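The structure appears below as structure tokens.
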Amino acid sequence: MSVDVGGITVHQGLLEPSQQEALVEQVRRVAQAAPLFRPETARGRKMSVRMTSAGRYGWISDRAGYRYERRHPEGLEWPPIPAIAMDVWRNVSGVARDPESCLINFYDADAKMGMHQDRDEANFEMPVVSISLGDEALFRVGGPGRGGKTQSIWLRSGDVAVMGGAARLNYHGIDRLRPGSSRLLPNGGRINLTLRVVD
Ligand code: MD6
Ligand code: FE
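Numbering (our numbering), first residue to last: 24 to 222.
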């Protein structure tokens with residue numbers, strides 16, 4: 024089933040449990056090749072999520088700001104985008120180009136993500152596709168300006184959100200997790216993958 028939240032389409036339960044398990048395994052292999060790190064913001068604050076990336080570009084943040092980079096902070100090349108994530112993109116993105124970046128965010132029980140826009144890419148006609156795995160997360164969606172009305176939805180394991188069209192630059196964030204709501208990850212927490220065309 025698909026629902027619309029502030030212009031973002033959420034395909035609920037798009038990945039069945041066996042596909043979720045296989046994707047977690049593929050994500051583990053990415054994290055073995057390109058270890059998770061906890062980025063710092065330009066203001067010098069540590070983000071609460073840990074992250075890594077796959078694909079031609081990875082997204083990083085440090086004291087110099089946010090940007091895409093061809094290499095992991097330790098100088099490693101980013102591994103290929105997991106095959107199941109590529110399949111999801113081809114099924115739901117609605118565009119012919121393949122993604123160039125897959126940002127992988129890991130949330131532990133008290134991690135969150137502040138309201139932000141995804142605007143480090145060159146072409147806003149290309150959507151952002153996001154895959155949720157593990158514990159449920161409260162996703163908040165606003166409009167194209169900071170502040171103003173927002174709507175929220177609990178993203179569950181296997182849900183896929185597509186942010187495109189007029190909603191491409193809408194503010195959004197993760198308020199909190201619901202710890203213990205999924206048994207997919209043995210130690211709990213949540214993984215979010217976001218796929219993007221960068222250039
Ligand atoms: C998250 N998601 O679900 C954070 N960005 O953990 C995002 O920041 C996001 O879900 C762009 C499009 C869809 C998203
Ligand atoms: Fe985002």
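Positions of the beta carbon are idealized from the N, C-alpha and C atoms, including for glycine. Note that the structure is predicted; figures quoted are calculated from it, not measured.
In terms of residue numbering, what span does the alpha helix (DSSP H) encompassing residue i cover?
{"i": "W112", "result": "106 to 115"}
{"i": "L46", "result": "40 to 56"}
Quick one: using the 10 Å Cβ neighbour count with 16 as the cut-off for buried, is residue i buried or exposed?
{"i": "E159", "result": "buried"}
{"i": "D27", "result": "exposed"}
{"i": "S153", "result": "buried"}
{"i": "D133", "result": "exposed"}
{"i": "A119", "result": "exposed"}
{"i": "G188", "result": "exposed"}
Check whether the Cβ of residue i sits closer than 8 Å to any heavy atom of the ligand FE, and report yes or no.
{"i": "S153", "result": "yes"}
{"i": "T217", "result": "yes"}
{"i": "H195", "result": "yes"}
{"i": "D182", "result": "no"}
{"i": "D133", "result": "no"}
{"i": "D141", "result": "yes"}
Taking the C-alpha atoms as reference points, what is the distance between residue i and residue j?
{"i": "M24", "j": "N146", "result": "28 Å"}
{"i": "G157", "j": "S205", "result": "5 Å"}
{"i": "G166", "j": "H195", "result": "8 Å"}
{"i": "M74", "j": "G36", "result": "24 Å"}
{"i": "L161", "j": "Q42", "result": "22 Å"}
{"i": "I104", "j": "R61", "result": "20 Å"}
{"i": "M1", "j": "G212", "result": "Beyond the ends of the chain as shown, which are 24 and 222, falls residue 1; an answer cannot be given."}
{"i": "S116", "j": "I176", "result": "20 Å"}
{"i": "D141", "j": "P209", "result": "30 Å"}
Which residues bound the beta strand (DSSP E) around residue i?
{"i": "A184", "result": "183 to 186"}
{"i": "F147", "result": "Counting along the chain, F147 falls outside any beta strand (DSSP E), and DSSP gives it neither H nor E."}
{"i": "H195", "result": "195 to 201"}
{"i": "M136", "result": "136 to 139"}
{"i": "Y91", "result": "88 to 92"}
{"i": "T173", "result": "Taken as a continuous stretch (DSSP letters only), T173 belongs to no beta strand (DSSP E), as it is neither H nor E."}
{"i": "L161", "result": "159 to 164"}
{"i": "L218", "result": "213 to 219"}
{"i": "M74", "result": "73 to 78"}
{"i": "D27", "result": "25 to 28"}
Under the criterion of a Cβ to heavy atom distance below 8 Å, does residue i qualify as lining the ligand MD6?
{"i": "D158", "result": "no"}
{"i": "I31", "result": "yes"}
{"i": "F147", "result": "no"}
{"i": "L59", "result": "no"}
{"i": "M186", "result": "yes"}
Check whether the Cβ of residue i sits closer than 8 Å to any heavy atom of the ligand MG, and report yes or no.
{"i": "N128", "result": "Inclusion of the ligand MG in the displayed structure is not the case, the ligand content consisting of the ligand MD6 and the ligand FE alone."}
Any 3 or more C-beta pairs closer than 8 Å across the region 179 to 193 and the region 119 to 127: no
The region 48 to 61 in contact with the region 83 to 101 per 3-pair CB rule at 8 Å: yes
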